[in-house]
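Keeping their order, the protein sequence lines are chains A and B. Going by this note's numbering, the first sequence opens with residue 1, and the numbers climb by one from there. Going by this note's numbering, the second sequence opens with residue 570, and the numbers climb by one from there. The structure appears right after this line, and notes come after that.
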Amino acid sequence: MQSTSDKTKLIRPSNWVVCFGMTVAVCSWNPAAGAENKAAEKTSSSAETDAEKPATEGSIVEFIDQQLRQGWVDNEIQPSDAATDEEWIRRIYLDLCGRIPTLEEANGFLKDESPRKRFVLIETLLAHEDYVRNFTTIWTNNSIGRGAPRRVSRTGMEKFYREAFAKERPWNEIVVDIVTASGHYEENGAVNYTLAQMQMPDDGVQLTAMTTRLFLGLQVQCTQCHNHPFNKWQQDQFWEYNSFFRQVRKEDHRKLDPNTGRMVDDYSEVTWQDFSGPVYYEKRSGVMQVAFPRFEGHEVDPGADTDRRIEFGKLLTESIDGQPPHIAQAMVNRMWSHFFGYGFTRPVDDMGPHNPASHPELLLRLSQEFVASGYNIKQLIRTICATEAYGLGSQFNDKNKTDDPAAGEMPLFSHLYLKSMQAEQMYDSLIVASNAHQSGRGGWSAQEEQRQKWMQQFVVAFENDENDESTTFNGTIPQALMMMNSELIDKACSIERGSFLFETMSKPGSEPQKIQDLYLAALSRHPTRSEISKVQKMLNANSYRTNKLNGYQDLFWALLNSNEFVLIH
Amino acid sequence: MSLWNNYGMNRRHFMQHMATAAATIPAMNFLSHVQANADVVKANQKSCILMWMGGGPPTIDIWDLKPESKNGGEFKPIDTAASGVQISEHMPETAKMFQDLSLVRSMSTREADHGRGRYYMQTAYVPNPTVVHPTFGSVVSYELGKNRTALEIPAFVSVDGGAGQAGFLGMTHAPFVVDNTGRIRNAPTEEGKIRLADRLTMLAEIESSFMASRRGELPGAHKDVYRNAVNLMTSKQMTAFDAAKAEASLGLEAESEATKEAYGKNGFGQGLLMARRLVQVGVPFVEVNMGGWDLHAGVFDTLKNQRLPQLDKGIAAITADLKQRGMLDNTVLVWMGEFGRTPRINQDVGRDHWAASWSVMMGGGGLKNGQAVGATDKDGLQIADGSKAYLPGDIWATVAMAMGIPVNTVHTSKRGRPMKLANGGTPIQELIG
């Protein structure tokens, strides 16, 4: 047990803020990290420019830290100790790259004695292809779900996001591309978002509901049928949003299969259809009403010549009564929740006067900075990862155990809340732990296909116009069975030539060293002395005496099945 | 959203678990309880089978027809075995079983969005950002599962489902989801089972320090799920999932072709057959899902040619089968979806979402069956004058009463808030008699 005597004073590197700012500059000199950032390269020799950057960045991080601390003081709690390097490296890899670090990556970081190594690692990971892969997975799932909606190209959607994240496109441009997209579902992958919301002929109702929820953080779908019970949203607002999506048409093409002589599915596309004037909807009383395209007070010409989605795209980035646009606030809220497990509202996509944010000033400031940065996603991530709160440990103490959002409390972010690994994170982590990533896994699409196939066992689609689905993965018996008995875990624990276990076992080294390697590979940490001796005792027990390799195999299996492995902490 | 975000486990359970874990886990045997007296115990065991109609079924075309109204649509009503109760002409087999079934025709439930409607109907609570309410199957698992000491498989099984969350009652009460073939993925091989004992011993040792670190209850929940998974894998009761297998000690036979045929050779029919087998081994709550009800277009063709023939066969078969085996009085049947569908027929000959006035079917369970409770007005647009409107909590309170769960039970959310069973609903007087 750790001493609690020094917990009144927060342990935090005093060079944190300064370092953070500097890192951005420092890393731009480093060709391994962020080499594409040509603008920064030019200024790398200029001390003045360097000095400016830390000032602005320091201030937002400092602001967040100060606000959160105030919350701790007000609630009479004390934050947990800072996370150890071991805890932190696992967390940052899972959050940014969607997988645990490899043995080499963990070793390299833990041995590094540079005081700036956390910042350097953040930059390295932001430039890593797995960062692109991770956020592509997340946003593809958000956009079209994990299942396979009919007539939607997952490949196309992934390709769109992959390019968007790889090229560091600003978030506002990504969103506008998605909501205005037209064309063939593989040539312009962005249309798949729209296709997925058009599974049924519903006059764009689902497309309206999903677009407002996912990209604007507004749940207006209830107002489709009635005025919102708790806020000023009226039924006409839903239909005003909806009227922007009436020029969208989904075309499913078919072709002749020369082998069978039958018509089969070919491609799908989003095309334009003529629509002008108002949309009609029915009040509960049965009275018919009209709604014209209008967004936050901005009227759009309802004439036949207007491309309403283009207009909608333009309005998305307008500030609203001096507040940052919805798309900025929604992204900030989601991104915060990505790292902390909880956003500023619950759920993250239901923002509005009826559901006040836990930290409204943080949400506002982060959103303002996000807009000011040109909707720079990586900059938002850097800021969040540099906060004191993200660097805290996940063990609570006597003075902050009430900070428990799982119990329904408002999150105060005084320790890192445990998160369960998502199915994709689990899959990728098992691949990494078993070394399979090094022996020819094929290209991106082959890997994606394999993972997607594996994923389907956990997806339950509900076949309704909301295109919603659930996964049976999250902490359930099917997940446990998969971790205990599946082919995937068998592969991870394989002792065949080329496997991680085989390589580790055939290297020279003492038993404690090998045990240490297994711990590092699975849990990204060194075993304690008592753990080593406990494990050694087990390995030398009767059942393994004749077959030591079996013992190591079982040890690795146990490490991968431990809750320390499946939880992000 | 992760089921693990909100989970609750009471301390006693936790401590018990820790005690078992300490003695662990040469564990492969720790649940091979003797089946002794199982039959005696089971004789009075109550169960519930929920037939969940995902998408929102048009009850105006199934249970509450309006032949005189412009909203009436294409179908005609027919008489049933219950005097004065008429249902759709496409439900002829079910009509014959109506002495053991009932309708509640005055549901008025206000949530007409799939996600919210599902949540409301399954938990009796409207969604609330600060708490995840348990779906009613989890409540039953929590209340009755603990007394079923002979039960080695989860107390709440969902066939083809997966939406329900155990919420503050904790992961151990989450539904165990299987598909209607009953195949359990990633079940261990016999060889794997032998290896598992050593591995679990190793696991218990390895994770003990993380368990003891102060990181909330998630690690404990994870461990509990593992324990349940191990119990499941090593249990004879697994046979209940596989209609092709027999297990004499549990009174399970391999189902004949004729039986499979009677239930209907489709997902819903085979799911119901599995539900009967699960009830036989003592599972108190089984949910069988049938989707494809979100009929915004072409409602009559789809009903007539696809949905209703399967539905009719399935309901008739499970009712008859349970009755013949003497299990019907102990098994409550509930049929519902997230809402009904608009009385008005839309331009695509479909019906849209409608929560204001619709029907739920119930049966068995020792209820006073063979009646239709409540009524809608002549066009189906609202609850008829003088008719009481019912909420999901009233349905679940009725189920609770039939299952012997005290209706005044109060659970405590993780935040210490008292949560009334079924949101304080009242059993439907006419049905409990």
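We treat Cβ as the ideally placed atom computed from N, Cα and C, and that holds for glycine. In this text the structure is predicted, and so the values were computed from the model without any measurement.
Query: Could you tell me which residues DSSP pairs with Ala291 of chain A in its beta bridges?; Result: A:Val279
Query: Going along the chain, which residues of its own chain have a beta-carbon closer than 8 Å to the beta-carbon of Lys615 of chain B, five neighbours each way excluded?; Result: Leu713, Pro853, Asn899, Thr900, Val901, Gly934, Ala971, Met972 and Gly973
Query: In chain B, what lies closer than 7 Å to His569 of chain A by C-beta?; Result: Arg784
Query: Evaluate Met538 of chain A with the Cβ neighbour count: other Cβ atoms within 10 Å of its Cβ, from every protein chain shown; 16 or more gives buried, anything less gives exposed.; Result: buried
Query: Is any beta-carbon of chain B found at less than 8 Å from that of Pro347 of chain A?; Result: yes
Query: Taking the alpha carbon of Thr102 of chain A as the reference point, which residue from A:Arg525, A:Ser562 and A:Thr546 has its own alpha carbon closest?; Result: A:Arg525
Query: On a Cα-Cα basis, can you pick out the residue from A:Ser486, A:Asn435 and A:Asn192 that is closest to Leu518 of chain A?; Result: A:Asn435
Query: So which residues on chain B does Glu564 of chain A lean against when the C-beta distance must stay under 7 Å?; Result: Glu776 and Phe779
Query: Please tell me whether Phe370 of chain A and Ala389 of chain A are closer than 8 Å, where the distance is taken between their beta carbons.; Result: no
Query: Let's test the definition: count the other Cβ atoms within 10 Å of the Cβ of Val300 of chain A and tell me whether it reaches 16, buried, or not, exposed.; Result: buried
Query: Bridge partners for Cys617 of chain B per DSSP, in chain order?; Result: B:Phe854 and B:Val901
Query: Measure the C-alpha to C-alpha separation of Tyr427 of chain A and Thr978 of chain B and round it to an integer number of angstroms.; Result: 42 Å
Query: Please report the straight-line C-alpha distance between Arg365 of chain A and Leu216 of chain A, rounded to a whole angstrom.; Result: 17 Å
Query: Scan the region 618 to 647 of chain B for residues whose Cβ lies nearer than 9 Å to a Cβ of chain A and list them as they occur along the chain.; Result: Gly623, Gly624 and Gly625
Query: Mind checking the region 467 to 494 of chain A against chain B and listing, in chain order, the residues whose C-beta falls within less than 8 Å of any C-beta there?; Result: Asp468, Ser470, Thr471, Thr472, Asn474, Gly475, Thr476, Ile477, Pro478, Gln479, Ala480, Leu481, Met482, Met484, Asn485 and Ser486
Query: Just the C-alpha distance for Asp81 of chain A and Arg151 of chain A, rounded to the nearest angstrom, thanks.; Result: 50 Å
Query: Strictly under 8 Å for the Cβ-Cβ distance: is Asp202 of chain A near chain B by that measure?; Result: yes
Query: So is Lys645 of chain B buried or exposed if we call it buried at 16+ other beta carbons inside 10 Å?; Result: exposed
Query: Throw me the rounded Cβ distance for the Arg262 of chain A and Gln452 of chain A pair, which I believe falls under 8 Å.; Result: With 8 Å as the limit, Arg262 of chain A and Gln452 of chain A do not qualify as a contact, their Cβ atoms being about 26 Å apart.
Query: Contact check, Val270 of chain A vs Val176 of chain A under 8 Å by CB: the rounded distance?; Result: The Cβ separation is near 15 Å, so there is no contact.
Query: Pull up the distance between the alpha-carbon of Val701 of chain B and that of Thr345 of chain A, whole angstroms please.; Result: 15 Å
Query: Compile a chain-ordered list of the residues in the region 904 to 925 of chain B whose CB is closer than 8 Å to at least one CB of chain A.; Result: Asp917 and His922
Query: Mind checking if Val746 of chain B is an interface residue toward chain A, Cβ cutoff 8 Å exclusive?; Result: yes
Query: What beta strand (DSSP E) runs, 3 residues minimum, are completely inside the region 712 to 787 of chain B?; Result: 725 to 728 and 745 to 747
Query: Counting Cβ pairs, one atom from each stretch, are 3 or more of them under 8 Å apart for the region 802 to 812 of chain B and the region 832 to 852 of chain B?; Result: yes
Query: Should Thr888 of chain B be labelled buried (16 or more other beta-carbon atoms within 10 Å of its own) or exposed?; Result: buried
Query: Determine the chain A residues that contact Ala809 of chain B at a beta-carbon separation under 9 Å, and present them in chain order.; Result: By Cβ distance, chain A contributes nothing, its closest Cβ being about 15 Å from Ala809 of chain B, past 9 Å.
Query: Roughly how many angstroms separate the alpha carbons of Phe500 of chain A and Ser494 of chain A, rounded to a whole number?; Result: 8 Å
Query: Run through chain A and tell me which residues come within less than 7 Å of Ser982 of chain B, C-beta to C-beta.; Result: Gly408
Query: So what does DSSP say about Ala32 of chain A, is it helix, strand or coil?; Result: In this prediction, Ala32 of chain A scores a pLDDT of 35, lower than 50, which makes its location untrustworthy; no coordinate-derived value is stated.
Query: Taking only beta-carbon positions, decide if Asp682 of chain B is within less than 8 Å of chain A.; Result: yes
Query: In chain A, which residues lie less than 7 Å from Asp767 of chain B when you measure between Cβ atoms?; Result: Ser543 and Asp554
Query: Pick helix, strand or coil for Ser499 of chain A, following the three-state DSSP scheme.; Result: coil
Query: CB-CB under 8 Å to Asp917 of chain B, same chain, minus the five flanking residues each way: which ones, in chain order?; Result: His865, Ala866 and Gly867
Query: Compare the Cα-Cα distances from Lys892 of chain B to each of B:Arg845, B:Phe725 and B:Gly949 and report the closest residue.; Result: B:Arg845
Query: Mark Glu496 of chain A as exposed unless 16 or more other C-beta atoms lie within 10 angstroms of its C-beta, in which case mark it buried.; Result: exposed
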